[in-house]
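Engineer:
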Amino acid sequence: MSSALAASDSKVKPKDESSEVLNSWKSRWNDNAIGWHIPDVHESLLKHGHQIIPQFTSKEETCSNPVRVFVPLCGKTVDMAFLARHKSVSEVVGIDGIKKALEEFSSENPDLGLAEKESSDAYERLVGKNILLLKGDFFELNEASVGGLFDSVWDRASIVAIDPSLREDYVRVTKGLVKPGGTLLVSTFERRTGTEQGIKGGPPFSVPESEVRRLYESQDWVESVELLEEINQYEKSPASKKFESQGVTSLFELVFVIKVKA
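Set out below in structure tokens:
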């Protein structure tokens, strides 16, 4: 899970991490309590990356039509480095609310040459080779602030990190960032069974298939929503069993591809 910018206070500025929500995430980063971060490229991206990158597995040395990919609430996921180095990606853009997350990503990937760039808007910017990182409020993003629309979105546990009351706003912002004919690859978690408190807990909050379909299938810009895979997290990752102490008796990762109308 990313260190989500789950701020309902849309006036939070890049250098201000003192809001209640951001301060909570900042404390986790300062304490290195980032259990959502994984050291390897996410398996779902490796398995389903062709859904958002047409030439994902091409053996050609060059790509005639590279895509631009957005990674919301990115934390310091290594997926961004993987995408920035991929020959079929022209640029990857990530956003997070916590500066430390982006600084750690930069220091851990020196070959990407990330450096701060002066900005005239509400976002701090780190610019590197085929990569742009923004520090600021996801919910204030627009086409201009990200430098143009995206072909693809890789949402790895971003929507599960925000407060459920903000999901409609999350979808609204996403709509304004994706090209017609674009594609979203979305990974969520479902707290499928357990106590009422366990199922409603978070983050990560439970975003089951019914909720993904409710959010996206009702949109006039969405062509289709398809569930690609569901993975039993308790079987796959013993570490996930920490959620049992929260009253969650079964936990699944769900992977969707959402296609945007041309």
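Residue numbers (UniProt numbering): 1 to 262.
Just so you know, even glycine gets a beta-carbon here, dropped at the ideal spot from N, CA and C.
(1) For the putative contact between residue 207 and residue 188, defined by C-beta atoms under 8 angstroms, what is the C-beta separation to the nearest angstrom?
(2) Can you have a look at residue 224 and say buried or exposed, based on whether 16 or more other CB atoms are within 10 angstroms of its CB?
(3) Could you say if the segment 168-182 and the segment 114-126 meet the contact criterion of at least three C-beta pairs nearer than 8 angstroms?
(4) With three or more C-beta pairs closer than 8 angstroms as the rule, is the segment 124-133 touching the segment 90-98?
(5) Give every residue of the same chain whose Cβ lies closer than 6 angstroms to the Cβ of residue 300, excluding the five residues on either side of it in the sequence, and list them in chain order.
(6) Tell me, which residues are paired with residue 193 by DSSP?
(7) Counting C-beta neighbours from all protein chains within 10 Å, is the total for residue 204 16 or more, i.e. buried, or is it exposed?
(8) Secondary structure at residue 95, three-state DSSP: helix, strand or coil?
(9) Select from 153, 250, 49 and 163 the residue whose C-alpha is nearest the C-alpha of residue 235.
(10) If we require 3 or more residues per run, which beta strand (DSSP E) segments fall completely within the segment 151-202?
(11) Measuring CB to CB, does residue 69 end up less than 8 angstroms from residue 152?
(12) Following the continuous beta strand (DSSP E) through residue 115, name the residue where it begins and the one where it ends.
(13) Give the single residue among 238, 247, 170 and 195 whose Cα lies nearest to the Cα of residue 219.
(14) State the Cα-Cα distance for the pair residue 22 and residue 199, rounded to the nearest angstrom.
(15) If you draw a straight line from the alpha carbon of residue 166 to that of residue 186, how long is it in whole angstroms?
(16) According to DSSP, is residue 135 helix, strand or coil?
(17) Is the beta carbon of residue 158 sitting closer than 8 angstroms to the one on residue 73?
(18) Just to confirm the assignment, what range does the beta strand (DSSP E) spanning residue 223 have?
(19) Which one of 129, 221, 28 and 256 has the shortest CA to CA distance from residue 99?
(20) Assuming residue 71 contacts residue 154 (C-beta within less than 8 angstroms), just tell me the rounded distance between them.
(21) So the alpha helix (DSSP H) residue 78 belongs to, where does it begin and stop?
(22) First and last residue of the beta strand (DSSP E) that includes residue 41?
(23) If distances are taken between C-alpha atoms only, which option among 244, 247 and 253 comes closest to residue 42?
(24) Under the assumption that residue 202 contacts residue 160 (Cβ atoms under 8 angstroms), give the Cβ distance between them as a whole number of angstroms.
(25) Could you check whether residue 129 and residue 81 sit closer than 8 angstroms to each other, using their CB atoms as the reference points?
Structural biologist: Inspection of the coordinates gives the following:
(1) To locate residue 207, count along the sequence shown from 1; it is residue 207. To locate residue 188, count along the sequence shown from 1; it is residue 188. Right, their Cβ atoms sit about 4 angstroms apart.
(2) Here residue 224 refers to the residue found at position 224 of the sequence shown. Label assigned to residue 224: exposed.
(3) no
(4) yes
(5) Residue numbering for the chain in the displayed model covers 1 to 262; residue 300 lies beyond these limits and cannot be assessed.
(6) Your numbering for residue 193 matches position 193 in the sequence shown. In the DSSP output, where bridge partners are listed per residue, residue 193 has 250.
(7) Here residue 204 is taken as the residue at index 204 of the sequence shown, counted from 1. The residue is buried, with at least 16 neighbouring Cβ atoms inside 10 Å.
(8) Position 95 of the sequence shown, counted from the first residue, corresponds to residue 95. Strand at residue 95.
(9) One-based indexing of the sequence shown puts residue 235 at position 235. The shortest Cα separation from residue 235 among 153, 250, 49 and 163 belongs to 250.
(10) 178-194
(11) Reading the sequence shown from its first residue, position 69 is the one you call residue 69. Reading the sequence shown from its first residue, position 152 is the one you call residue 152. Yes. Within cutoff.
(12) In the sequence shown, counting from the first residue as 1, residue 115 sits at position 115. Start and end: 115-117.
(13) The residue labelled residue 219 in the question sits at position 219 within the sequence shown. Residue 219 has its Cα closest to that of 170, out of 238, 247, 170 and 195.
(14) To locate residue 22, count along the sequence shown from 1; it is residue 22. To locate residue 199, count along the sequence shown from 1; it is residue 199. Residue 22 and residue 199: Cα-Cα distance of roughly 23 angstroms.
(15) Residue numbering aside, residue 166 sits at position 166 when the sequence shown is read from its first letter. Residue numbering aside, residue 186 sits at position 186 when the sequence shown is read from its first letter. Answer to the nearest angstrom: the Cα atoms are 17 angstroms apart.
(16) Walking along the sequence shown from the start, residue 135 turns up at place 135. Of the three classes helix, strand and coil, the one that applies to residue 135 here is strand, per DSSP.
(17) As a working mapping, residue 158 is identified with position 158 in the sequence shown. As a working mapping, residue 73 is identified with position 73 in the sequence shown. Yes, they are a contact pair.
(18) Here residue 223 corresponds to residue number 223 of the sequence shown, with the count starting at 1. Its beta strand (DSSP E) spans residues 222-232.
(19) Position 99 of the sequence shown, counted from the first residue, corresponds to residue 99. The shortest Cα separation from residue 99 among 129, 221, 28 and 256 belongs to 28.
(20) If you number the sequence shown from 1, residue 71 lands on position 71. If you number the sequence shown from 1, residue 154 lands on position 154. Yes, they are in contact, since the Cβ atoms of residue 71 and residue 154 sit about 5 angstroms apart, within 8 angstroms.
(21) In the sequence shown, the residue the question calls residue 78 occupies position 78. 78-85 is the span of the alpha helix (DSSP H), which, as asked, contains residue 78.
(22) For the purposes of this step, residue 41 is identified with residue 41 of the sequence shown, where counting begins at 1. No beta strand (DSSP E) contains residue 41, which DSSP labels as neither H nor E.
(23) As a working mapping, residue 42 is identified with position 42 in the sequence shown. Considering only alpha carbons, the answer is 253.
(24) By one-based count along the sequence shown, residue 202 stands at place 202. By one-based count along the sequence shown, residue 160 stands at place 160. 7 angstroms between Cβ atoms; contact.
(25) Position 81 of the sequence shown, counted from the start, is the residue given in the question as residue 81. Position 129 of the sequence shown, counted from the start, is the residue given in the question as residue 129. Cβ distance not < 8 angstroms, so residue 81 and residue 129 don't count as in contact.
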